[in-house]
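Everything below concerns the one structure shown next.
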Amino acid sequence: MCGIVGQYNFNGTPVDEHLIRQMNAQLVHRGPDDDGYYMDTVVGFGSRRLSIIDLNTGHMPIGNEDGSVWITFNGEIYNFLELRQDLLLRGHSFKTRTDTEVIVHLYEEYGVDCLQHLNGMFALAIWDSSRQRLLLARDRLGKKPLVYSVLPGGVVFASEIEALRKHPGISTELDYEALDLYMTMMYIPSPFTIYKAIRKLRPAHYLLAEKGQVKIERYWDIPYGQKRKVSKDEAVAELRELMTDAVQRRLISDVPLGAFLSGGLDSSAIVALMSGLTREPVKTFSIGFEADDFNELNFARQIAERYRTDHHEFIVKPELLKVVPELLRHYGEPYGDDSAVATYYVSKLAREHVTVALTGDGGDETFGGYPRYASALNPLRMLPDYIRDGARSAARSIELRNPRRFLGAFKGTALGAAGIAREIGKPIHAFANRMTFLNTKTRNQLYSENLRKKIKLSDSWLVRSLPASKSGWLALDKMFYLDQSIYMVDDILVKVDIASMANSLEVRCPILDYRIVEWSASLPPEMKVHRGETKKLFRLAFSDMLPPEILGRQKMGFAMPIDEWIRGELYEITRDYLTDQTSRERGLFNQNRIVDMLDRHKEGSDRYGLQLWLLVMFEIWMRTVQGRA
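For the sequence shown, position 80 matches number 196 in my numbering, and the numbering has no gaps at all.
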């Protein structure tokens, strides 16, 4: 597991080794155990290594026998032993036991098609000196990041944005369309970054720089269009077999490993499988909150006790803003998913005991775990929730003698119900609405006139992201695809990678073994979501391994009590960040609207916690990373 950087100047200009070393130094947290370099006039690679496999001889970058092919690599290849054996039979020789060296020889055999043979998580760069070719690539599902910039005479790349910012040739001009996407989605989806000059290489894609030309191609896609007939019992047996193999492959390590345990269905299933595959008790790590509505520790403890794990816990408190500047430096751009802080703390806790942790990430997107799937198919299912929640809010406002809050609750309930009614017969638009956190109207009110002039407001970006080639797919399959290719990749997996690597911790996701994703895509979607029941097949597959309290749980998520905290302990610092002179002079947001939101949220007449959190994260990023205080 590593951080990587590099540059290829196809205009013939020599690469500055000092600059490569400066960029690489920004990634020491991703690889504190070792650093390495490869320089060849027009090409320079840097690598930071977190040693997991072959601790003694796995120094990177690694070349082939004659030094004509070199690689710098971030990730793990879980089928490398099988690949290595085949390559030995083909006459290749090895000087290490690493999975990295396997890729070098695989490239010699298959060229760019070597990517088709890899089962793992990775971001890589390969230099082929005989062809004067640079290959950049990411794994199929985007578990490892890679950002790049195309300059007039070459290409620069890195694991994180902050490393690229060290390059003097890369502009740091903001991309305001990306800012709008951040306010819409609470993260910036690939290929965008907050900077016009920097882009994210998308999952299952490679970039080829050769003969002065740069091209980007997709090498794999989730095959939802290829269905097969399978019985429920057959599917359950197949899933158990696939999951067991995926977990077993991810137990290969020369350093201690454990698991994140939220108490949800996915992480509990992973821990259950690990317990059956290891001799020693599994080390498990959980975080919780003092607010009961957000605390899952009791569920995590049930699994820990059942499987007699070596269990560790941590309580997250409102002083979280202390770690936010550091986290945002690692992200390199604004990031608004509040669960990033919780993930940082559980990673920090885990790193005190292990170097590798398995997690249940990807289960909801792959097996239909979110309530939004059922509600998008039948929006009327949501009406009782809106009415119930609105009635509760109205009743509470009467109790508090707050007529303003009462009117707001009544109006919000009516508007919400009307919006749901308009979604009937439009499942993809209904789904997109649930994935859009701030709609056009809200953003229009929040943005200054200056910012509105820089962008084109729209709520259709997510819908337009669905390729036309998928138009014939079933509605549920389209939802799964959008979640897996956008939300999971650019929010969930980015969060996990950045939060864990900030603590020099490797995280592995067995459910996102591409074989499992392909297998799940081949199933009729009603096996996963049917008549309002989510994750149907996954629950059946692990019904004998998990207690009823876990099997019957509804999706809770990894969120924090942001509304409560911004109304209480974080109110003053939030107000200071958003209303002081520094913030006002940026001229990006409507200050009158921000003050009104702060006042209404404080008194409880409206809930603006998410909006205020997004604004605070942007402001902290501007001050601590962009340096425009």
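Glycine residues also receive a C-beta, built at the ideal position from the N, C-alpha and C atoms.
{"Item": "Own chain residues within Cβ distance below 6 Å of residue 249, not counting five before or after", "Value": "326"}
{"Item": "Status (buried if at least 16 other CB within 10 Å, exposed otherwise) for residue 348", "Value": "exposed"}
{"Item": "Extent of the continuous beta strand (DSSP E) to which residue 474 belongs", "Value": "472-474"}
{"Item": "Residue 122 (DSSP reduced to helix, strand or coil)", "Value": "strand"}
{"Item": "Among 301, 274, 146, nearest to residue 604 - alpha-carbon criterion", "Value": "301"}
{"Item": "Three-way DSSP call (helix, strand, coil) for residue 375 in this model", "Value": "strand"}
{"Item": "Residue 131 to residue 176 span [Cα, whole Å]", "Value": "19 Å"}
{"Item": "Beta-carbon proximity of residue 241 to residue 120, cut-off 8 Å", "Value": "yes"}
{"Item": "Secondary structure of residue 563, DSSP reduced to three states", "Value": "strand"}
{"Item": "Residue 182 classed as buried or exposed, judged by whether at least 16 other C-beta atoms fall within 10 angstroms", "Value": "exposed"}
{"Item": "Proximity to residue 615 [Cα-Cα], best of 563, 661, 461, 574", "Value": "461"}
{"Item": "Three-state secondary structure (DSSP) of residue 325", "Value": "strand"}
{"Item": "Given residue 271 as reference, the closest of 257, 259, 294, 243 once Cα atoms are compared", "Value": "243"}
{"Item": "Backbone CA spacing between residue 304 and residue 406 [nearest angstrom]", "Value": "30 Å"}
{"Item": "Residue 637 vs residue 338 beta-carbon contact at 8 Å", "Value": "yes"}
{"Item": "Range of the contiguous beta strand (DSSP E) that encloses residue 128", "Value": "Where residue 128 is concerned, there is no enclosing beta strand (DSSP E), given that its DSSP letter is neither H nor E."}
{"Item": "Reduced DSSP secondary structure (H/G/I, E/B, other) of residue 736", "Value": "helix"}
{"Item": "Exposed unless 16 or more other CB atoms sit within 10 angstroms - verdict on residue 633", "Value": "buried"}
{"Item": "Assigned secondary structure, residue 481 (DSSP; H/G/I helix, E/B strand, else coil)", "Value": "helix"}
{"Item": "Residue ranges of each alpha helix (DSSP H) within the region 172-210, 4 or longer", "Value": "196-205"}
{"Item": "Backbone CA spacing between residue 352 and residue 489 [nearest angstrom]", "Value": "21 Å"}
{"Item": "One or two residues paired with residue 308 in a DSSP bridge", "Value": "Looking at the DSSP assignment, residue 308 forms no beta bridge with any residue, so it has no partner."}
{"Item": "Proximity below 8 Å, CB of residue 372 to CB of residue 446", "Value": "no"}
{"Item": "Three-state class that DSSP yields for residue 651 in the structure shown", "Value": "coil"}
{"Item": "Length of the line joining the Cα atoms of residue 125 and residue 329", "Value": "11 Å"}
{"Item": "Residue interval of the beta strand (DSSP E) (run including residue 253)", "Value": "249-254"}
{"Item": "Residue 452 vs residue 729 beta-carbon contact at 8 Å", "Value": "yes"}
{"Item": "Alpha-carbon spacing of residue 332 relative to residue 664, whole angstroms", "Value": "47 Å"}
{"Item": "Same chain only: Cβ atoms within 7 Å of residue 679, ignoring 5 sequence neighbours per side", "Value": "723, 725"}
{"Item": "C-beta contact flag for residue 258 and residue 686 at 8 Å", "Value": "no"}
{"Item": "Cβ-based neighbour list, residue 381, same chain, cut-off 8 Å, excluding 5 preceding and 5 following", "Value": "476, 479, 485, 651, 654, 655, 658, 662, 666, 667, 669"}
{"Item": "Residue from 719, 194, 265, 394 with nearest C-alpha to residue 276", "Value": "265"}
{"Item": "Beta-bridge pairing of residue 360 - partner residues as DSSP gives them", "Value": "The partner list for residue 360 (beta bridge, DSSP) is empty, contrary to what the question assumes."}
{"Item": "Closest residue to residue 613 among 713, 472, 581, 397 (Cα-Cα distance)", "Value": "472"}
{"Item": "Spatially closest choice to residue 566 from 164, 702, 708, 235, by CA coordinates", "Value": "702"}
{"Item": "Ordered list of alpha helix (DSSP H) runs contained in the region 373-460, each at least 4 residues", "Value": "381-393, 413-422, 440-447"}
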